[in-house]
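Only one structure is covered here, and it is reproduced in the block below.
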Amino acid sequence: MGVLLEAKELSKSYASGPNDGQQVLKKVNLQIRKGEFIAVMGPSGSGKSTLLFNLSGMDRASSGSVTFGGEDICSFSEKRLSDLRLTKMGFIFQHIHLLKNLSLFDNIVLSAYLAKRSSRKSINERALEYMRKSGIDELAGKSITQVSGGQLQRVAICRALINQPEIVFGDEPTGALNSKSAGEIMDLLADINEAGTTILLVTHDVKVAAKTERVLFMLDGSLVAERNLGKYRKEKGDVKAREEDLAGWLSNLGL
Amino acid sequence: MLMRMLRRDWLRNKSISAALLVFISLSALLASSGANMIAELSSSLGALFAKSGVPHYVQMHAGEIDRAAIDRWAQGNELVRRHQAAEMIKVEDAHLVLGDGAAPGSGGIMDHYFVKQNRTFDLLLDLDSQPVQVKRGEIAVPVYYKQRDGLEIGDKIRIAAPGFAMEFRIADFVRDAQMNPSIIHSKRFVVRDADFARLSGSGTGEREYLLEFQLTDPGKLGEFRTAYEASNLPKLGPAIDHTLFRTLNALTDGLLAAVILLVSFLIGTIALLCLRFTILAAIEEDYREIGVMKAIGISSKHIRKLYLAKYVLTAAVASVIGYAASLLLHPLFTRNIMLYIGTAPKGLVLQLVPVAAAAFTFAIVIAFCMLTLRRFDRISAVEALRSGAAGEGRPPGTKPALHRNRTLSVPVFLAVKDIVSRFKMYRMLLLVFIISSFIMLVPVNFFHTVQSPGFNNYMGIERSDLRIDLQHAGSAGDDYRSIVAQLENDNDVEKYAAVLVSSFKMVGDDGTLENMTVEVGDFAAFPLEYMQGSAPSRADEIALSYLNGKEMEKKVGDPVRLIVDGREITLKVSGIYQDVTNGGRTAKAALPVRPDTVLRYEIAVDLKPGADVADKRDRYAQAMHPAKVTDLAGYMAQTFGNTLEQLKLVTRVATVVALLVSALITALFVKMAVAKDAGQIAIMKSIGFSMLHVRIQYVTKALLVLVAGIAVGTVLSNTAGPSAAGVAMSFMGAARITFVIDPLQAYVLYPALLLAAVTVTALVSLASIRKVKMSEMNAT
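Chains as they are written, first to last, in our numbering: chain A, -13 to 241; chain B, 823 to 1602.
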């Protein structure tokens, strides 16, 4: 598999604000290949979310480079970065970030209508297909105040997929959900990854990370360790073994 | 602690606090300035009238007089304190050269009277409000010409009549309590007694008199008027009294002061709306803290005091700034008063008027704050602590649906949808835009109306290409017949109609006789719009001007009794028309005319298509001397020149104020909306909305509300606007104004100015969206 996203010597420090002068990312080097399913773990404040925002171009690195599809996105204009996020990236956040005054269906199709890469008819059909797969096709016309948190996160996943991105970023996508909903969401993401979409997510939850194939560990702004769970991947019913493997590894890291 | 809280609050909401400060300051500034103008006008007019010793009653008379008879009558009348017969020589416009490089005939429609300084009363004053004194060869010129033609001391005034020439050097300018305003078509030039005697002896110009009376009790003016009219004293000309002098003198600046006060009121309203918005936003922001304060037992009254302190301080500072600025701008607003009327030392009470106006603005703001802050009483501690936000009531609806929209782009659709679902939030913006459009368009439309040829409808004169005015004096009868003959033989003339302005006696309801100026002639040839009824078409009909009708309490169909040829006849009122000339009191009828009652001749002329109006005007002016020939535009420009200048100032000020207010409120609104919507903007940016998409969305919101505001403002300015102008103009004689709208200005140019101001401001204010990032939205 070819490299989709690569960070070299990526550093980030804040000149002002609550993290004034603090270096949040310290010369991070990372390669993400097409089709990978990766989790980033680490204690609070270790720089996980910052890494995700810098890799996706939502925030600009202080030094180093981020290459996506062979192009250094750090040199992109705001407009090009917007286009990149619109057409090649999808995002899922911990807090359900949906537009308040749009229906669930409209929230899903919004970015596809903006991108105008296919007809509205085919966008609508695609949205309904994702909703059906996510089990929320009955809720299309509802507003965001009329459904549960788990259902909203499924809407966010459908929205992230609507432009058929090359990579989906997830910042604690199950962080606000109960364990049952979290499990269902992770199964859905695994299916999406099976279909070929690269996924990079940040999580605290061992059970969530255990569903991915590679786990990175961050500490004080640096990637300090990596665990490959690929060997378990195809073995059905081996979830327990993956979780135990990961828990042991984390324990050795002092977490 | 309070000061620390206030300072922190100021720093936190700099732009909002600054906008509030600006609006309240502006409102206080205009309230102070308007009130000051009225105070200044009233005290200065009082001083001018006192210093000049204005007569209470003046009878103009064109012809010779018997001074002894006048003296006898006045001495025998106990109402008369002082009297005089002031002699004037009317120099024809064609014989007068005003200024060094000017040509004869540059005086226009004005009647130029050369006079001596009076001895005891009706003194003509200089620019220091002292009686004008000139030496031989010198002249003092009415301030009207200083302003209109830019004449300066040292410039030359020449009389160049056939067989007689005289040159004067301007030594001073005249403030004339009687004839100052441009709306009065007579102006007095003061020369030395010896120069006057030479002019008088030369036979150049017509001799006229002002028979002036000061009364022992001005309250008995009506009684005096009846006595004078019943006497055999000269009365070949209009009679005027001091109340009319006061009204006409106060008109131009009074109107300006009224407009300034109106604008102050509107900006004050905007300040209050802005304040309400700010207070509600502050309550929303501090909802949880208010809950905590209530929960630990601090009373609503005490919490209210904390908030009120901030607004008291803002309003107090703003009112002081407004008042101080009004002192600085005072010379600008009172420039016209200074020139025409002069200033007078004001008493303490009058000096306090502008302070009181600023204090009034302050009091209104505080009262409004207290009213709005009563909302604290409704906040429940438990609810505030539980929810942490005042909330927006019910959740926004999902309709209209994006996937059903086929026409609008995504950012524009989102803008429309936001306005529909959060209309309450946009209400204030809409209201401000409506007020701004109204403030801007009413003066523009009114200015265009006064300038338009159709304004003849408010001047009681029929619309025509040319107008020929001939005063009745000397050989006027022959001149009149000669003019008619020339018109008759001129192939370029399409039609003409002559009106003879005559003086008749009217029999009042109580049997008393009063003079009434009636235009007699053909009113069918040229159109004039009537407020009610129509022009007199039969011999037993009369049309009254609006002010005449109002004062005489007559309406269409009512009888009016006149003495014609020695016997009383009853005429029926056929119509009421508007007229701001001749003090607004005129009438039109088809009555028989006796040459000795004619005051002047007016002839309306229409030329055939293709004829050169300006060329014909100049040719007639030469051929028809001493008649005055003007085209309608020239006639109106000279009559309303001064008022138009003031109106132009009002229009400019109103436009600047409207643009400033719109820009400020847009900046304020966009900043608050971006702060409130930061989470939603971050979501949009994260899923691929570019800065341009977000900008389009917010600018579209502001512009959509603005377009709605302009539409409503335009409708209001076209409906309520003329009524407002009508109220202002009614005491001049025109109560029902219909705006003549220049579509290019009213519907394109000025709305485009507003659109540009709002667009630019919105774009500049949207700079902060660059800082909105999903990485900083963890808690939303």
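We put the CB at the ideal spot given by N, CA and C, even for glycine. Small disclaimer: the values here were computed from a predicted structure and weren't measured.
Coarse secondary structure for residue i, derived from DSSP in three states
| i | result |
| --- | --- |
| residue 1165/B | coil |
| residue 1372/B | helix |
| residue 1479/B | helix |
| residue 975/B | coil |
| residue 1111/B | helix |
| residue 115/A | helix |
| residue 76/A | strand |
| residue 1160/B | helix |
| residue 953/B | strand |
| residue 943/B | coil |
| residue 53/A | strand |
| residue 1214/B | Since pLDDT at residue 1214/B reaches only 47, below the 50 mark, its modelled position is unreliable, and no value is offered. |
| residue 189/A | coil |
| residue -7/A | strand |
| residue 1630/B | No answer is possible for residue 1630/B: it lies beyond the span of chain B, which begins at 823 and ends at 1602. |
| residue 964/B | strand |
Inter-residue spacing [alpha-carbon to alpha-carbon] between residue i and residue j
| i | j | result |
| --- | --- | --- |
| residue 176/A | residue 23/A | 8 angstroms |
| residue 1248/B | residue 1483/B | 16 angstroms |
| residue 1518/B | residue 1237/B | 9 angstroms |
| residue 1214/B | residue 1547/B | Confidence at residue 1214/B is low in this model, with a pLDDT of 47, below 50, so its placement is unreliable and the value that follows should be read with caution. Cα-Cα distance, rounded: 41 angstroms. |
| residue 1004/B | residue 987/B | 27 angstroms |
| residue 74/A | residue 151/A | 4 angstroms |
| residue 126/A | residue 110/A | 11 angstroms |
| residue 1509/B | residue 138/A | 16 angstroms |
| residue 1386/B | residue 1413/B | 8 angstroms |
| residue 1317/B | residue 1580/B | 52 angstroms |
| residue 51/A | residue 17/A | 12 angstroms |
| residue 1491/B | residue 1524/B | 9 angstroms |
| residue 1470/B | residue 1269/B | 7 angstroms |
| residue 1577/B | residue 1252/B | 14 angstroms |
| residue 234/A | residue 240/A | 10 angstroms |
| residue 1494/B | residue 1522/B | 16 angstroms |
| residue 1440/B | residue 1419/B | 30 angstroms |
| residue 1240/B | residue 87/A | 8 angstroms |
| residue 1065/B | residue 1127/B | 51 angstroms |
| residue 1069/B | residue 1161/B | 17 angstroms |
Beta-carbon spacing of residue i, residue j below 7 angstroms
| i | j | result |
| --- | --- | --- |
| residue 59/A | residue 43/A | yes |
| residue 961/B | residue 992/B | yes |
| residue 1512/B | residue 237/A | no |
| residue 854/B | residue 1090/B | no |
| residue 1037/B | residue 903/B | yes |
| residue -5/A | residue 13/A | yes |
Other residues of its chain near residue i: CB distance less than 8 angstroms, five sequence neighbours each side excluded
| i | result |
| --- | --- |
| residue 1496/B | 1503, 1520, 1587, 1588, 1590, 1591, 1594 |
| residue 895/B | 1053, 1055 |
| residue 174/A | 119, 120, 140, 143 |
| residue 1435/B | 1287, 1288, 1429, 1453 |
| residue 951/B | 869, 870, 873, 997, 1164, 1166 |
| residue 1350/B | 1278, 1279, 1282, 1283, 1284, 1285, 1357, 1399 |
Residues of its chain near residue i, where Cβ-Cβ distance is below 6 angstroms and the 5 sequence neighbours each way are ignored
| i | result |
| --- | --- |
| residue 48/A | -3, -2, -1 |
| residue 1265/B | 1472, 1473, 1476 |
Residue i CB to nearest heavy atom of the ligand ZN below 6 angstroms
| i | result |
| --- | --- |
| residue 866/B | In the structure shown, the ligand ZN is absent, as is every other ligand, since no ligand is present at all. |
Nonlocal neighbours in the same chain, by C-beta distance under 7 angstroms from residue i, ignoring five residues either side
| i | result |
| --- | --- |
| residue 1172/B | 861, 865 |
| residue 1449/B | 1290, 1291, 1292, 1301, 1305 |
| residue 1156/B | 859, 862 |
| residue 1544/B | 1559, 1560, 1561 |
| residue 1175/B | 857, 858, 861 |
| residue 836/B | none |
Chain C contact residues for residue i, given Cβ-Cβ distances below 7 angstroms
| i | result |
| --- | --- |
| residue 1223/B | Protein chains A and B are contained in the structure displayed, whereas chain C is not. |
Task: the stretch 1051 to 1061 of chain B / the stretch 1327 to 1345 of chain B touching (three or more Cβ pairs under 8 angstroms) - done: yes
TODO: Say whether the stretch 1248 to 1262 of chain B touches the stretch 1530 to 1547 of chain B, bearing in mind that this needs 3 or more beta-carbon pairs closer than 8 angstroms, one atom from each stretch.
DONE: yes
Task: Stretch pair the stretch 1028 to 1037 of chain B + the stretch 966 to 977 of chain B: three plus CB contacts closer than 8 angstroms - done: no
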